[in-house]
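*Asks:* In UniProt numbering, the protein residues as written are 1 to 809.
Just so it is clear, CB atoms sit at the ideal spot from N, CA and C, and this is done for glycine as well.
(1) What would DSSP say about residue 333, mapped onto helix, strand or coil?
(2) Compute the distance between the beta-carbons of residue 571 and residue 108, then report whether it is under 7 Å.
(3) Taking the beta strand (DSSP E) that residue 398 belongs to, which residues open and close that run?
(4) Along the chain, which unbroken stretches of the beta strand (DSSP E) at least 3 residues long are found entirely within the stretch 202-268?
(5) Roughly how many whole angstroms lie between the Cα atoms of residue 520 and residue 503?
(6) Please report how far the alpha carbon of residue 6 lies from the alpha carbon of residue 610, in whole angstroms.
(7) Compare the Cα-Cα distances from residue 172 to each of 155, 429, 559 and report the closest residue.
(8) Enumerate in chain order the residues of its own chain whose CB-to-CB distance from residue 136 is below 6 Å, with the five nearest sequence positions on each side excluded.
(9) Taking its Cβ as the centre, do 16 or more other Cβ atoms sit within 10 Å of residue 36, making it buried, or is it exposed?
(10) Using a Cβ-based criterion (distance less than 6 Å to any ligand heavy atom), does residue 440 qualify as near the ligand SAM?
(11) List, from N- to C-terminal side, the alpha helix (DSSP H) runs of 4 residues or more that fit wholly inside the stretch 53-112.
(12) Tell me which residue opens and which closes the alpha helix (DSSP H) that residue 474 is part of.
(13) Should residue 237 go down as buried or exposed, given a rule of 16 or more other Cβ atoms within 10 Å for buried?
(14) Can you say whether residue 811 is buried or exposed, counting buried as having 16 or more other CB atoms within 10 angstroms of its CB?
(15) In angstroms with no decimal places, state the Cα-to-Cα distance between residue 122 and residue 114.
(16) Are residue 490 and residue 478 touching if we call contact CB-CB under 7 Å?
(17) Look at residue 140 and residue 556 and say whether their C-beta atoms are less than 7 Å apart.
(18) Is DSSP giving residue 539 helix, strand or coil here?
(19) Taking the Cβ atom as the reference point for each residue, do residue 112 and residue 76 lie within a distance shorter than 7 Å?
(20) Taking the Cβ atom as the reference point for each residue, do residue 538 and residue 257 lie within a distance shorter than 7 Å?
(21) Return the chain-ordered list of same chain residues with a C-beta closer than 6 Å to the C-beta of residue 800, the five sequence neighbours on each side being excluded.
(22) Out of 338, 288, 742, 275, which one is the CA nearest neighbour of residue 314?
(23) In chain order, what residues of the same chain lie with their CB nearer than 7 Å to the CB of residue 84, ignoring the 5 residues before and after it?
(24) Check whether the stretch 410-430 and the stretch 342-350 are in contact - that is, three or more C-beta pairs closer than 8 Å.
(25) What are the boundary residues of the beta strand (DSSP E) that includes residue 589?
(26) At the level of alpha carbons, what is the spacing between residue 402 and residue 296?
(27) Is the number of C-beta pairs between the stretch 638-645 and the stretch 670-683 that are closer than 8 Å three or more?
(28) Measure the C-alpha to C-alpha separation of residue 606 and residue 699 and round it to an integer number of angstroms.
(29) Kindly identify the DSSP beta-bridge partner or partners of residue 510.
(30) For a test of the three-state rule: what should DSSP assign to residue 31, helix, strand or coil?
(31) In whole angstroms, what is the alpha-carbon distance linking residue 629 and residue 718?
(32) Let me check understanding here. Comparing Cα to Cα, which of 419, 511, 430 lies closest to residue 472?
(33) When the Cα atoms are used, what is the spatial distance from residue 516 to residue 450?
(34) Can you have a look at residue 118 and say buried or exposed, based on whether 16 or more other CB atoms are within 10 angstroms of its CB?
(35) Between the Cα of residue 153 and those of 131, 189, 163, spot the shortest distance and give me the residue it belongs to.
(36) Do the CB positions of residue 305 and residue 529 come within less than 7 Å of each other?
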């Protein structure tokens, strides 16, 4: 059967480069060459520089002997401090050093005990001095407290008195000062008793003086508010009798001032009332003049004002009567003014301008006219033939009619007259006798003012008759007539009486506006005379208190601090903790389903196997904090099928809150796993939050069980890397990869005949030597480096040959 050396991927594993790696490692380990970490490169997951060892720094806790020594020294008063940690080789060295430190601390503690005994006597002497000082201070404090109490209760003056207590080194001096302070306290008591007696007498006078002064203040405010000039006089009073006399004197002065004030107030009130009446009258007249101008005339009436209360009262009554009279006149004036503005009344008068005949032979001839209020008129003329003086007037003619007009008030006293037309009613002739004249042709004519004949009548004068005319003549004339004015003569008709002697006349009308603007005469007076200014004064006496008795108290100074003997200083000591490094190791194993190790054994196809990954043990009291604890493994995907994993605690784990996770407990709740079925990479990370909960005093270790099924024949190699990281107090994190050992399992093919092969000399596998320390790094080049490099090349060639040999197998 052909032997298939198939390898799984891991930190250390048999591979095609196995010989090369072995060669390089052996060369480095043998010669101790300085290899720079920067010069080592690899395509593998973990750097070769990390293969030389992984470790953890442990801070050894102090042992019981050192702890007791530290406690004893501290209890004795030694100032114990902790120095920086020191590094040692291992735990035993750390413990030996702790024993030595404990012995040194015990020596210092013994010396401190001697100092403590000496300080005890010093304290005793100092206490005696301090007690004396405190007693003296207590006496001073009592004196001062009593003085403050008396001062708070009674006031007064507090003075400081210096007491000699010595320089703070003698108990006798303190005692003498104490006695002096107590004496001053008694003197203060006597001063208070004497003061209270004098104060009672003083307060009796002050009480009555205050009562008088309160009355003075009240009277002063009252009189001042009334305009009285108050003159205050201060007088020191010593007895109640003096106060009684002052009180009677003040009451008389106050009563006199009030009487004068009452009189002045009555005069001033009468004056103000009179002046108010004057202002009302003046305002009444002023408003009337402003509103009606020249229609108002003012008549100033002389009224005696005087300067007494009764004079002002008489003045007020007179002025108020004038106001009433003015008011009546104004009402009548306003009524007439309204009539003046709204009246459309017109006076109409008529006349006849005639050419009368004045003839001694025949006598006079006349023509006259009359117009009524309603506009009707009558014009009458006579007929004269020369016999009038003998036979009388021949006859008379009368023309009747009506003058049609209208009037309208214009609101300002003027009127508008519209003369619209004239109606002629009739002409009536009355014959008184027969006409004796040869001329029998009497004729009567009426013309418009423009000469147009509108009526005529021819007769002989022997008979009476009435001729009805009934004719209207349009005029359409408009006249605006101011108040009190007239139109003058307005001709409306021309009338001719023709016979032997012609009498020509013109009918004339005159319109007159009878309106007259009303006028009112109002009364005014001179203002009342100001009352005389009379200053009312009142002299009142205010009591001044006598000198107040004074309380004088004394306070004392405190005793100086005692000059104590200083104590001897306590000793000082220090100790340190030790730290040392321990290697971190991991273990890889492979088990069958019965839990039996089959490393370098056989696992049949189809059987289930378990890779056991025991992580590095991180011990308690580590210097740095564990922040990463990961597992990385590569399964051979050409032979093994991944089925799952479990992770367990390998040691009891104590958390910071006191919780204890037992050894063997399942930790899968705190872990996260990633498996890549293509590459076979299996990676488990413990949560950082979980790692942060682990107590500093607890160990920590975990292991993983990876379950798989073998499905192909061959030799399968496998290892893993435990990736750790620690963080120091400064926050720097250091990654520490811890590789495991390598395991191998063999899975045979099914039984088939094989041709025997000539055996070849096998190449011996050289185990990898893991260094417990990292290699030195640097850039230094020396002849020894050159020689080692040549040897390394030779080992490289040998490695190549080893690879080829394994490939042929």
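*Replies:* Once the coordinates are examined:
(1) helix
(2) yes
(3) 395-409
(4) 229-236
(5) 52 Å
(6) Here residue 6 scores only 36 on pLDDT, less than 50, and its place in the model is too uncertain to base an answer on.
(7) 559
(8) 165, 174, 177, 178, 559
(9) Unreliable positioning characterises residue 36 in this predicted model, as indicated by a pLDDT of 30, which lies under 50. The coordinate reading is nonetheless provided below. By the 10 Å Cβ count, residue 36 comes out exposed.
(10) Looking at this structure, you won't find the ligand SAM or any other ligand, since it has none at all.
(11) 64-76
(12) Counting along the chain, residue 474 falls outside any alpha helix (DSSP H), though it belongs to the beta strand (DSSP E) covering 465-481.
(13) buried
(14) Missing from the structure shown is residue 811; the chain here goes from 1 to 809 and no further.
(15) 13 Å
(16) no
(17) yes
(18) strand
(19) yes
(20) yes
(21) Model confidence at residue 800 stands at a pLDDT of 37, short of 50, so the residue's coordinates are unreliable and nothing is read from them.
(22) 275
(23) 576
(24) yes
(25) 587-592
(26) 42 Å
(27) yes
(28) 39 Å
(29) 349
(30) Because residue 31 sits at a pLDDT of 32, beneath the cut-off of 50, its placement in the model cannot be relied upon, and the point is left open.
(31) 20 Å
(32) 419
(33) 35 Å
(34) exposed
(35) 189
(36) yes
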